[in-house]
Amino acid sequence: MKVLAATIALFFMTGCAHKDNRSPKILDREKMQVVMWDIIGADVFTEQFIKKDSLKNGAVENAKLQNRIFALHKITRDQYYKSYDYYITHTDLMRVVLDSMTARAERDRTKMILKHAGVKPQ
């Protein structure tokens, strides 16, 4: 009887524990943040520079940049977009990713301002 009670208690404890139900193919939060940062940078570069070049197709060039980013991070396009869809549907996780990216952007911005002002960052 004690064994049965212990087994049932074990099932309840493991069943109620918070589990990350993310597929192994979904990028973890840190990796997603880094890859998304690079993808957004590629999008900005495409918008500000490549699309102004009448000899280049912006969509094609952006796809090339994305493929280079995926290769750099050793992931596939499918892996990134499945992960993106996962994070979009899990807003609490996406909020953490975006907050971290915002903090990084603010740090980079502050460093750039201090550099141009002639102040060494600490």
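For any residue, its number in the numbering used here is found by taking its place in the sequence shown, counting from 1, and adding 2.
C-beta atoms are modelled at their ideal positions from N, C-alpha and C, and glycine is treated no differently.
Contact between the segment 63 to 70 and the segment 38 to 48 is established, with three or more Cβ pairs separated by less than 8 Å.
Around the C-beta of M114, fewer than 16 other C-beta atoms lie within 10 Å, and the residue is accordingly described as exposed. Counting only the Cα atoms, V121 lies some 32 Å from K33.
Under the Cβ criterion (8 Å, minimum of three pairs), the segment 102 to 117 does not count as touching the segment 69 to 83. In the DSSP assignment, V121 falls outside any alpha helix (DSSP H) and carries neither an H nor an E.
Between W39 and R111, the gap from beta carbon to beta carbon reaches 8 Å or more.
Counting only the Cα atoms, Q68 lies some 10 Å from V37.
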